[in-house]
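To keep things clear, I will list the structure first and then write my remarks on it.
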Amino acid sequence: MTLADDSPRTLAGTTGLADATAQDVADVRPPRAPRRGPSLSRNRWGYGYVAPFFVVFGAFSLFPFLFTAWISLHDARLSDIDGGTFVGLDNYAALLGNDFFWNALRNTITIGILATVPQLCLALGLAHLLHYKLRGRTFFRTLMLMPYATSIAAATLVFATLFGRDYGIINTALEAVGLDRVDWEAGTWSSQIAIAVIVTWRWTGYNALIYLAAMQSIPGELYEAAEMDGASRWRQFLHVTIPSLRPTILFTVVVSTIGAIQLFGEPLLFAGNGSTTGGSRNQYQTLGLLMYQQGWSNFNVGQAATTAWAMFLIILLVIGLAAVAGRIRSRRRGDLR
Amino acid sequence: MTAVLDRPSDSSPEVGRRSPLRRRKPRSRAGKAGPITYTLVVLTALVSVFPLYWATVAGSHTNAEIAAKPPPFLPNATLFENVARASEQAPMGLAILNSVLVSSAITVGTVLFCTLAGFAFAKLRFKGNGVLLSLVVGTMMVPTQLSVIPLFMMIADLQWVDQLQAVILPTLVSAFGVFFMRQYLSTALPDELLEAGRVDGASTHRIFFSIVLPVARPAMAVLGMLTFLTAWNEFFWPIIALTAANPTVQVAIANLGSGYVPQRAVIMAGTLLGTLPVLAVFAVLGKQIVGGIMSGAVKG
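Chains V and B are the protein sequences, given in the same order.
First residue of the first sequence: 1, per the UniProt record's numbering; consecutive thereafter.
First residue of the second sequence: 1, per the UniProt record's numbering; consecutive thereafter.
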C-alpha cells in the first residue's frame, strides 16, 4: 500500500491499492453475522446506479444524434418535428455540389492546422520548462490555466479587441516597430491566423499540464541511463521524453483535432456582431458555423443535419487514422525488441 | 474479494484519505530551473494573463484614448461606468443568476450521477458491467454539436426554448465523469470496507451513502470544480436554446456586440463582469483545479 501511495502514477495507474490491502488482511473469518446486506457480486442495483447516465445520455445525446441522420434524408424546416419530406440522399448530393461546404471544409482544415500544431508544440515545450524545479510552481501553473478558465465568448471578444483594425493594441505594436497595420478580420489568412491564436491561447496551458503529468510518470532510471551514455539535455528530451509521451501526444492530437473540426464560437464572435457568415467573403466560416447558418439562419435543418453528419464522418476518419498510427507505432516497437 | 476484516484499523475511513489524486512532488531528477527557464515561464504566464488584463484597460478607455501613442496601460474608474452600461444593454444580473443556477444544477447532477455509476462500475458485479463501461467510454466520441438539431426540435416541441431546463437537462451527465469516478473508486475504496458494511447488514444504498460517498469526496470535489467551470463556459447549446431575454452569461456577452453601434469599451466591461466569478473561483481553487486536470488526464 505504501508502494502504491508513494508512486507518482496517477488515477488510472494505481490499481494496486485495493489488492495490496486485501493481502494485508488476515484471512480469519469471524463467526457468521446474523444478518447480511446484499452481496456486492451479482448486485442488481448495479443497473439502477448506472441507469441515470444511460437514460440522460440516451434521451439527450444518442437519440438526437441518430435522429440527425434521419433528418439529413429529409427536406425539413426547424418546425418539422415529424421529419419533413423524405428526399433520400438529395441533401448529400447538394452538399457535395455546395461551394460553401468546400470553402468551410478548407477553412476548418487550415484553421485547425494553424491552431493545433503550434498549440501542441508550445504545450510540449512549456511542459518541459514546468518540469524543472521552479519556485512558485503552483502559481505559474495556475496562471497558465487561466485561459482555459476563460470562456470561448469572453476570449474571442477580448481578442477581437486586441486584433482590432483601428484601436487594437496589436496593430499599435506593429506600427511602433515600423510595420503596417493589418486589417485582421478582412483578410483570409490574417483572420484565420487570429482565430487560431485565440484557440492556441485558450488550450496551450491545459495541454501543457497534461504533458507535464505524463512526464512526471516517466521512470527516472531512463534519464539516468541516458545521462550515463552522455546524452545532452536536448537529446534526453528527444530520445527519452518524446517517445515516452507518445500515447499522451496521440491522445491530445485526437482531442484537439476533434475540437478543431467543431470550431464554432470563435468564428461566430470574431467580427463582434454574431454574424453566421464567417466574414464578408466567408473567409473564416467553419463547418460548425455553416451548420448553424443552414439550420438557424436559413431554417433548412435537412441540410444542416447533412453537414453535421459530414463532420461526424471526418471525425471518424481522424479517429481511425489515429488508431492506425498507434498500431503501426506499437508494432514497430515490438519488432525492435 | 472475500477477505474478511480482522484489524479494524484498516477499515477506518483513513484508508480512503490516502487519495490517488494526491501526487508526489516532481522527482529529484528534474534539474533546477535556470534563468532562461524562468524568463520563458514568466513570459508565458504574462501572455496567459495579458488579454484579461487588457480587457480591464480597454474597458475603461474610449476609442480615442486607446489609440493614443503610447496607449494607456492602466485601468481606471470609468470601468465601473462601463460595467453599468453593459448591464443596461444586456441583463447581466439575470445572466449571472441564471448561470449560477444552471451551473450549480449541472454540477450537482453530474457529480451525483457520475459517482453512482462510477461506484457501480468499480465495485458492483452485474451482468454486462464491462460492456456497459466500454459503451460509456465510447459515448465520449459522440460530439455534442451533432445532436443539436433534433435536440432543438425536441425542446421547441416541449416549449422549453428560453427556459433553463433546456440547458440543464442535456448536460446532466458526463461520460468523462463516470470514467473518472470509476478509476478513483476502484483504487481508493477497499473491498473490505464494503464487505464490512455488508456484514453489518447495510443495504446497497446505505453502503453508498455511508461508506462510498465519504471515500469519494476528494474526487467528487475535483469533478465538481471541472464540471462547474465547463458548465459556466458552455456556449454552443445555450446560444441555440436561450435568447437574449433569458440568457446565461455567455449568451449575454455574445449579444453585447450585436448592437448597431457596438461600443468596444462596454463590451469589454461586460465580458469582464461575466468572467469575474469564474476567475474568482479560480484564484481560490486554482491549485485543486490544476491537480484535478493533471490527475484525470493521464491514461494508465
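Using N, Cα and C, we set each Cβ at its ideal position, and we do this for glycine too.
Cβ distance (whole Å) where residue i is taken to contact residue j below 8 Å
{"i": "A231 of chain B", "j": "I106 of chain B", "result": "4 Å"}
{"i": "T68 of chain V", "j": "A308 of chain V", "result": "5 Å"}
{"i": "R202 of chain V", "j": "W184 of chain V", "result": "Wrong, their Cβ atoms sit about 18 Å apart, outside the cutoff."}
{"i": "M268 of chain B", "j": "A58 of chain B", "result": "5 Å"}
{"i": "L212 of chain V", "j": "V240 of chain V", "result": "Actually they do not touch by this definition, with Cβ atoms about 15 Å apart."}
{"i": "S151 of chain V", "j": "N233 of chain B", "result": "4 Å"}
{"i": "Q192 of chain V", "j": "T110 of chain V", "result": "6 Å"}
{"i": "N98 of chain B", "j": "L158 of chain B", "result": "In fact, because the Cβ distance is near 19 Å, the residues do not count as touching under 8 Å."}
{"i": "T115 of chain B", "j": "V173 of chain B", "result": "Not confirmed; about 11 Å, so no contact."}
{"i": "A244 of chain B", "j": "A122 of chain B", "result": "Actually they do not touch by this definition, with Cβ atoms about 44 Å apart."}
Residue i, enclosing alpha helix (DSSP H) - first and last residue
{"i": "M92 of chain B", "result": "M92 to K123"}
{"i": "Y292 of chain V", "result": "L287 to Y292"}
{"i": "L79 of chain B", "result": "T78 to Q89"}
{"i": "H61 of chain B", "result": "First-last for H61 of chain B: undefined, no H or E at that position."}
{"i": "V117 of chain V", "result": "D99 to H131"}
{"i": "G48 of chain V", "result": "W45 to F57"}
{"i": "G136 of chain V", "result": "No alpha helix (DSSP H) contains G136 of chain V, which DSSP labels as neither H nor E."}
{"i": "I90 of chain V", "result": "Checking the sequence shown, residue 90 of chain V turns out to be Asp, not Ile. Segment D90 to L96, the alpha helix (DSSP H) holding D90 of chain V."}
{"i": "A166 of chain B", "result": "L164 to I168"}
{"i": "P64 of chain V", "result": "F63 to I71"}
{"i": "M153 of chain B", "result": "V148 to D157"}
{"i": "M181 of chain B", "result": "A175 to A188"}
{"i": "T139 of chain B", "result": "N129 to T139"}
Interface flag, residue i vs chain B, CB-CB below 7 Å
{"i": "V50 of chain V", "result": "yes"}
{"i": "D45 of chain V", "result": "Inspection of the sequence shows that residue 45 of chain V is occupied by Trp rather than by Asp. Chain B, which has a Cβ nearer than 7 Å to the Cβ of W45 of chain V, makes this yes."}
{"i": "T116 of chain V", "result": "no"}
{"i": "P147 of chain V", "result": "yes"}
{"i": "A304 of chain V", "result": "yes"}
{"i": "N171 of chain V", "result": "no"}
{"i": "I152 of chain V", "result": "yes"}
{"i": "G326 of chain V", "result": "no"}
{"i": "T286 of chain V", "result": "no"}
{"i": "G272 of chain V", "result": "yes"}
{"i": "G295 of chain V", "result": "yes"}
{"i": "T161 of chain V", "result": "yes"}
{"i": "V158 of chain V", "result": "yes"}
{"i": "Y167 of chain V", "result": "yes"}
{"i": "T68 of chain V", "result": "yes"}
{"i": "S191 of chain V", "result": "no"}
{"i": "A323 of chain V", "result": "no"}
{"i": "V199 of chain V", "result": "no"}
{"i": "V177 of chain V", "result": "no"}
{"i": "R329 of chain V", "result": "no"}
{"i": "S56 of chain V", "result": "At residue 56 of chain V the sequence reads Val, which differs from the Ser that was named. Yes, contact with chain B."}
Residue-chain proximity (residue i, chain V), Cβ-Cβ < 7 Å
{"i": "F282 of chain B", "result": "yes"}
{"i": "T271 of chain B", "result": "yes"}
{"i": "A166 of chain B", "result": "no"}
{"i": "G16 of chain B", "result": "Summary for G16 of chain B: the model assigns pLDDT 40, below 50, so the residue's position carries little reliability, and this model does not support an answer."}
{"i": "T204 of chain B", "result": "yes"}
{"i": "V131 of chain B", "result": "no"}
{"i": "V41 of chain B", "result": "yes"}
{"i": "K287 of chain B", "result": "yes"}
{"i": "P26 of chain B", "result": "Summary for P26 of chain B: the model assigns pLDDT 43, below 50, so the residue's position carries little reliability; its value from the coordinates is reported in the next sentence. Closer than 7 Å: yes."}
{"i": "L146 of chain B", "result": "yes"}
{"i": "I36 of chain B", "result": "no"}
{"i": "N63 of chain B", "result": "yes"}
{"i": "G59 of chain B", "result": "no"}
{"i": "I66 of chain B", "result": "yes"}
{"i": "A245 of chain B", "result": "no"}
{"i": "I140 of chain B", "result": "According to the sequence shown, residue 140 of chain B is Met rather than Ile. So no, M140 of chain B is outside the interface."}
TODO: Please go through the region 193 to 280 of chain B and give each complete alpha helix (DSSP H) segment of 4 or more residues, from N-terminal end onward.
DONE: Scanning the region 193 to 280 of chain B for uninterrupted alpha helix (DSSP H) segments of 4 residues or longer gives 204 to 207, 213 to 233, 236 to 241 and 249 to 256, listed from N- to C-terminal end.
TODO: Please name the residues in the region 102 to 113 of chain B whose beta-carbon is closer than 9 Å to at least one beta-carbon of chain V, in chain order.
DONE: Result list: G109, L112 and F113.
Open item on the list: Which residues of the region 210 to 234 of chain B have a Cβ closer than 9 Å to any Cβ of chain V? Give them in chain order.
Closed with: Listed in sequence order: A219, L229, W232, N233 and E234.
Task: the region 133 to 145 of chain V: positions lying closer than 7 Å to chain B by Cβ - done: Shown in chain order are the members of the region 133 to 145 of chain V whose Cβ falls below 7 Å from a Cβ of chain B: K133, L134, T138, F140, R141, T142, L143, M144 and L145.
TODO: Residues of the region 306 to 320 of chain V with a CB closer than 8 Å to any CB of chain B: list them in chain order, please.
DONE: Within the region 306 to 320 of chain V, the residues whose Cβ lies closer than 8 Å to some Cβ of chain B are A308, W309, M311, F312, I315 and I319, listed in chain order.
Task: Minimum length 4: unbroken alpha helix (DSSP H) runs contained in the region 156 to 233 of chain V - done: Runs of the alpha helix (DSSP H) inside the region 156 to 233 of chain V: 169 to 176, 188 to 216 and 220 to 228.
Task: Secondary structure, alpha helix (DSSP H): runs of 4+ residues fully inside the region 248 to 283 of chain V - done: Complete alpha helix (DSSP H) runs here, min 4: 265 to 269.
Task: Cβ-based contacts, 8 Å cut-off: residues of the region 207 to 229 of chain V near chain B - done: From the region 207 to 229 of chain V, only L209, I210, L212, A213, A214, Q216, S217, G220, Y223 and E224 have a Cβ closer than 8 Å to chain B.
- [ ] Would you list, in chain order, the members of the region 251 to 263 of chain V that have their beta-carbon closer than 7 Å to a beta-carbon of chain B?
- [x] Within the region 251 to 263 of chain V, the residues whose Cβ lies closer than 7 Å to some Cβ of chain B are F251, I258 and Q262, listed in chain order.
Task: Positions along the region 79 to 93 of chain B whose CB lies within less than 9 Å of some CB in chain V - done: Listed in chain order, the positions of the region 79 to 93 of chain B with a beta carbon within less than 9 Å of a beta carbon of chain V would be empty, since no residue qualifies.
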